[in-house]
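**Student:** Mapping the sequence shown onto the UniProt record's numbering, position 59 (from 1) lands on 59, and the numbers just tick up by one. Once you've had a glance at the structure underneath, I'll fire off some questions.
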Amino acid sequence: MKTINQILDVKGNQVYVTTPETCVIDAVKEMAKMKCGALIVLQESDIVGVITEQDFTRRVLLNDLDTNKTKVGEVMSSEVAVIEPQKTVSEGMAIMTDKRIRHLPVIDSNNDLIGIISIGDLVKEVIAEQETIIGQLEQYIHS
Ligand SMILES: NC(=O)c1ccc[n+]([C@@H]2O[C@H](COP(=O)([O-])OP(=O)(O)OC[C@H]3O[C@@H](n4cnc5c(N)ncnc54)[C@H](O)[C@@H]3O)[C@@H](O)[C@H]2O)c1
């Protein structure tokens with residue numbers, strides 16, 4: 001089973017971020033521009049939250065909040081689950097399933113933000129591993 005670090009080796013270490021003072025509409029525009037469903041919220045260099053497309057639809061749109069006046073800090077999720085790079089794909093999936101979240105910032109031993117993984121990244125990896133195993137089993141059966 002691959003580690004989170006191995007996924008980042010392929011995906012890269014780029015993390016798109018925002019701040020609590022940013023208007024939610026600008027955060028959503030950033031997500032659309034970067035083709036991602038979440039932004040990590042930083043105050044100076046500390047992680048203070050995560051804002052996702054789901055936060056936007058449920059907390060902003062459904063409550064009829066003004067997208068130009070509401071700040072990220074008012075609607076973000078402040079409890080941020082993180083994962084260490086040496087953890088496995090399966091451990092990442094377990095955290096996401098348990099906490100019902102779809103993104104995990106990756107934090108190294110110095111507490112530095114070194115990447116982010118999404119549920120899509122992990123599912124893609126699980127499918128690739130299963131395809132490899134199926135291929136090996138087929139070869140074994142036909143040999
Ligand atoms: N992740 C994939 O490899 C992938 C591939 C094809 C299609 N999709 C589809 O896209 C949709 C959502 O995918 P998802 O679950 O991967 O979520 P997502 O749209 O948030 O993530 C898309 C990609 O952007 C990255 N990403 C997300 N937030 C980021 C951030 N703040 N900074 C840097 N990178 C960030 C993710 O790690 C992932 O690689 C699903 O419908 C899925 O089927 C995903």
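Each residue gets a CB set at the ideal place from its N, CA and C atoms; glycine is no exception.
Leaving out five residues on either side along the sequence, give the residues of the same chain with a beta carbon under 8 angstroms from the beta carbon of I117.
**Tutor:** Excluding residues within five positions, the ones whose Cβ falls inside 8 angstroms are I4, I7, L8, K11, I83, G92, H103, L104, V106.
**Student:** Is the beta carbon of V41 closer than 7 angstroms to that of Q72?
**Tutor:** Note that residue 72 is Val in the sequence shown here, rather than Gln. Yes, they are a contact pair.
**Student:** Which two residues bound the contiguous beta strand (DSSP E) that contains G49?
**Tutor:** Run containing G49: 46 to 52, per the beta strand (DSSP E) assignment.
**Student:** Which residues count as close to ligand 1 when the rule is a CB under 6 angstroms from any of its heavy atoms, in chain order?
**Tutor:** The filter returns K11, Q14, V15, Y16, C36, G37, A38, L39, I40, R102, H103, I116, I117, S118, I119, G120, D121, K124, in chain order.
**Student:** So, helix, strand or coil for I117, using DSSP?
**Tutor:** The answer is strand: DSSP assigns I117 an E or B state.
**Student:** Assuming residue 144 contacts P85 under a Cβ cut-off of 8 angstroms, what Cβ separation, rounded to an integer in Å, is found between them?
**Tutor:** This structure leaves residue 144 out entirely; the chain is present only between 1 and 143.
**Student:** Quick one: which unbroken beta strand (DSSP E) runs of 3-plus residues sit fully inside the segment 62 to 143? Chain order, please.
**Tutor:** 103 to 107, 113 to 118, all fully within the segment 62 to 143.
**Student:** In this structure, what does DSSP give as the bridge partners for I40?
**Tutor:** Per DSSP, V17, V50.
**Student:** Look at the alpha carbon of K124 and the alpha carbon of E131, and state the distance between them as a whole number of angstroms.
**Tutor:** If you take the alpha carbons of K124 and E131, they lie about 11 angstroms apart.
**Student:** So, using beta-carbon positions, are S90 and M1 closer together than 7 angstroms?
**Tutor:** Against a cut-off of 7 angstroms, the Cβ pair of M1 and S90 comes out as a contact.
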